[in-house]
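What follows is a short report on a single structure.
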Amino acid sequence: MAKPIPEQELKAIEAVVSAHPEGIAIQDIQNELEEETARRTLQYRLKHLVDEGRLAKEGDRRWAKYLLRAAAKHQAKAPEVSEERQAGEVPLSKQAAKVQEHVRKPLRTREHVGYQRAFVDAYRPNDTAYLSAKERTHLQKVGTPTSGKQPAGTYAKQILNRLLIDLSWNSSRLEGNTYSLLDTRRLIEFGELAEGKNQLEAQMILNHKDAIEFLVGSAEEIGFNRHTILNLHALLANNLLADPEATGRLRRIAVGIEKSAFHPLEVPQLIEECFDQILATAEAIEDPFEQAFFVMVQLPYLQPFDDVNKRVSRLAANMPLIKSNLTPLSFTDVPVKTYTDAMLGVYELNRIDLLMDVFIWAYERSASRYAAVRQSLGEPDPFRLKHRDTLHEIVQTIVLERMDKKAAFSRIAVWAKKNLEAEEQDQFREVAENEILGLHEGNFARYRIRPSQFKAWQEAWN
Numbered sequence: 026m027a028k029p030i031p032e033q034e035l036k037a038i039e040a041v042v043s044a045h046p047e048g049i050a051i052q053d054i055q056n057e058l059e060e061e062t063a064r065r066t067l068q069y070r071l072k073h074l075v076d077e078g079r080l081a082k083e084g085d086r087r088w089a090k091y092l093l094r095a096a097a098k099h100q101a102k103a104p105e106v107s108e109e110r111q112a113g114e115v116p117l118s119k120q121a122a123k124v125q126e127h128v129r130k131p132l133r134t135r136e137h138v139g140y141q142r143a144f145v146d147a148y149r150p151n152d153t154a155y156l157s158a159k160e161r162t163h164l165q166k167v168g169t170p171t172s173g174k175q176p177a178g179t180y181a182k183q184i185l186n187r188l189l190i191d192l193s194w195n196s197s198r199l200e201g202n203t204y205s206l207l208d209t210r211r212l213i214e215f216g217e218l219a220e221g222k223n224q225l226e227a228q229m230i231l232n233h234k235d236a237i238e239f240l241v242g243s244a245e246e247i248g249f250n251r252h253t254i255l256n257l258h259a260l261l262a263n264n265l266l267a268d269p270e271a272t273g274r275l276r277r278i279a280v281g282i283e284k285s286a287f288h289p290l291e292v293p294q295l296i297e298e299c300f301d302q303i304l305a306t307a308e309a310i311e312d313p314f315e316q317a318f319f320v321m322v323q324l325p326y327l328q329p330f331d332d333v334n335k336r337v338s339r340l341a342a343n344m345p346l347i348k349s350n351l352t353p354l355s356f357t358d359v360p361v362k363t364y365t366d367a368m369l370g371v372y373e374l375n376r377i378d379l380l381m382d383v384f385i386w387a388y389e390r391s392a393s394r395y396a397a398v399r400q401s402l403g404e405p406d407p408f409r410l411k412h413r414d415t416l417h418e419i420v421q422t423i424v425l426e427r428m429d430k431k432a433a434f435s436r437i438a439v440w441a442k443k444n445l446e447a448e449e450q451d452q453f454r455e456v457a458e459n460e461i462l463g464l465h466e467g468n469f470a471r472y473r474i475r476p477s478q479f480k481a482w483q484e485a486w487n
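In the working numbering, the protein residues as written are 26 to 487.
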């Protein structure tokens, strides 16, 4: 008799497929699953889900894709669309299509332009709006989890492990990084560099990880101010700039935009003035989605840093979403060419139509993805969530100081007695001890522990 497939593993596959209403190939499912699954095993489980009527399969062999049964029925009734649209192209408004048509003309035919300060001067927080009231309401609806009011950053912490991989990979991919999703996961979780890849690519992804952890871990303190944005740049640009002192510092040199007719500001004093103006304007905006989109437009347009400007804008756009416990924006499936065209439209025409279509489409996909991921995770333990940072710190300390069992459990007990109320001490000790006992080579990276440190601790522990 065949061994039954664990329901949890079937639900994990369904969660991945549900995030792709248009369907997803088996290779992509394999890449996105949290647990590594052999190809043959995955094929067997997908066949089981199809036979049970939980998934639908369209196409055959290398062209086969899987989708939820309800989505398959919907697609059967939908009008035919082009292969390009089926592959994940962003649906464009007429205005956005015109922007794209302009920026795809040969560079020699496009008029050279400089920075127009009037573009930001004309914006009045909570009076001017890039996103319409209808669009903001729609985004609020699709991006609000069903978890009630919670402290800033709670939702992002609940999905942090997945967010680190998704956002690090997608934001890096938009910069031309060639790491695959699986490569990114191995790098973030195990510290494994992908063979044959440039070390700068690994550095870019690890910088994203550090920056995301900074935003989520400091959710209640971050804001559109110099401290946050300069430190965000320093994290994202770490070890990537020709001038190491330029990390976290406003630009003092002239820069150009590749394949663009746009010429950014060159006067440091004006760069600083406009930078402060953009931050003050963003901080004054009340709607989190309008805030997010405003910085995606205005920060890269100014080019306040020597490099890494778009990366800063993409992560800064997540700040109001994280603070408001909304679904983060991970830029899942955003086509590189369309995003590049959208930024050129801002640079050369001060037109936001194309970038707005990308933003809304990308956010809808992110919301769908994390709703499925959140559902597959179940409800978090409120006690563990409350003490998450402390547990992280204690586990990290025990490993880095190479404590054995006696020393580790003693450290936990002393800390609990000193810092917690009597009714919480026993539960905290139990949870912390289980965290230590549950450490293995597949999960230690979440505590910012390197493989060499984990191996050294294991020798002492055992």
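Ideal Cβ positions, reconstructed from N, Cα and C, are used throughout, including at glycine.
Since this is a predicted model, take the numbers as computed values, not measurements.
Could you check which residue in the options has the C-alpha nearest to that of residue i?
i, options, result
"Phe-330", "Asn-56, Arg-149 and Ile-254", "Ile-254"
"Arg-336", "Arg-409, His-412 and Asp-235", "Asp-235"
"Phe-144", "Lys-36, Ile-419 and Arg-376", "Arg-376"
"Ala-457", "Phe-215, His-412, Arg-64 and Glu-246", "His-412"
"Gln-165", "Glu-448, Arg-65 and Asn-350", "Asn-350"
"Val-383", "Leu-369, Ala-396, Met-229 and Phe-356", "Phe-356"
"Thr-179", "Thr-153, Gly-370 and Ile-347", "Ile-347"
"Ala-279", "Leu-324, Gln-328, Glu-298 and Leu-304", "Gln-328"
"Arg-64", "Ala-50, Gly-467 and Val-115", "Ala-50"
"Gln-175", "Glu-245, His-127, Glu-39 and Glu-448", "Glu-245"
"Thr-286", "Lys-72, His-127 and Tyr-69", "The residue asked about is misnamed: residue 286 is Ala in this sequence, not Thr. Ranking the options by Cα distance to Ala-286, first place goes to His-127."
"His-252", "Leu-374, Ala-341, Ile-213 and Ala-387", "Ala-341"
"Val-420", "Asp-378, Glu-283, Gln-483 and Tyr-372", "Gln-483"
"Leu-462", "Leu-416, Ser-193, Ala-305 and His-137", "Leu-416"
"Met-321", "Thr-365, Lys-284 and Val-292", "Thr-365"
"Lys-72", "Asp-53, Ser-43, Leu-35 and Asn-56", "Leu-35"
"Asp-332", "Glu-57, Gln-294, Ile-303 and Gly-281", "Gly-281"
"Pro-345", "Leu-212, Ala-177 and Gly-84", "Ala-177"
"Pro-407", "Arg-133, Trp-486 and Glu-449", "Glu-449"
"Lys-480", "Gln-452, Val-424 and Thr-363", "Val-424"
"Leu-324", "Glu-283, Tyr-372, Val-361 and Ala-485", "Tyr-372"
"Ser-118", "Lys-362, Arg-394, Ala-367 and Glu-214", "Ala-367"
"Leu-374", "Pro-269, His-137, Glu-291 and Gln-68", "His-137"
Which residue marks the beginning of the alpha helix (DSSP H) containing residue i, and which one marks its end?
i, result
"Ala-307", "293-309"
"Tyr-148", "From DSSP, Tyr-148 is part of no alpha helix (DSSP H); its letter is neither H nor E."
"Phe-319", "313-327"
"Gly-242", "224-242"
"Glu-447", "With the sequence shown as reference, residue 447 is identified as Ala, and Glu is not the correct amino acid for it. Ala-447 -> alpha helix (DSSP H) spans 447-462."
"His-127", "119-128"
"Ala-488", "Given a span of 26 to 487 for the chain in the structure shown, any question on residue 488 remains unanswerable."
"Pro-269", "Per DSSP, Pro-269 belongs to no alpha helix (DSSP H) and is neither H nor E."
"Asn-186", "185-198"
"Val-115", "Where Val-115 is concerned, there is no enclosing alpha helix (DSSP H), given that its DSSP letter is neither H nor E."
"Leu-334", "In the sequence as presented, Leu is not what sits at residue 334; that position holds Asn. Counting along the chain, the alpha helix (DSSP H) containing Asn-334 begins and ends at 334-341."
"Pro-31", "No alpha helix (DSSP H) contains Pro-31, which DSSP labels as neither H nor E."
"Val-167", "158-168"
Where does the unbroken beta strand (DSSP E) through residue i begin, and where does it stop?
i, result
"Lys-82", "80-83"
"Tyr-91", "90-93"
Cβ of residue i within 8 angstroms of Cβ of residue j?
i, j, result
"Asn-232", "Leu-261", "yes"
"Ile-296", "Arg-276", "yes"
"Gly-370", "Leu-354", "no"
"Leu-199", "Ile-237", "no"
"Lys-90", "Gly-48", "yes"
"His-45", "Leu-92", "yes"
"Ala-181", "Val-241", "yes"
"Arg-79", "Ile-30", "no"
"Phe-318", "Tyr-155", "yes"
"Asn-202", "Ile-184", "no"
"Ala-470", "Gly-216", "yes"
"Glu-308", "Asn-250", "yes"
"Val-41", "Asp-378", "no"
"Thr-272", "His-288", "no"
"Gln-228", "Leu-192", "no"
"Glu-59", "Ala-37", "yes"
"Cys-299", "Arg-142", "yes"
"Leu-218", "Leu-225", "no"
"Pro-150", "Thr-363", "no"
"Arg-339", "Ser-196", "yes"
"Arg-409", "Ile-437", "no"
What residues are listed by DSSP as bridge partners for residue i?
i, result
"Val-138", "Phe-287"
"Ile-49", "Tyr-91"
Task: Contact between the stretch 414-428 and the stretch 208-217 (3+ Cβ pairs under 8 angstroms) - done: Touching, no, given that fewer than three Cβ pairs across the two stretches are closer than 8 angstroms.
TODO: Would you be able to state if there are at least three C-beta pairs under 8 angstroms between the stretch 153-167 and the stretch 311-322?
DONE: yes
Open item on the list: With three or more beta-carbon pairs closer than 8 angstroms as the criterion, would you say the stretch 470-486 touches the stretch 440-457?
Closed with: no
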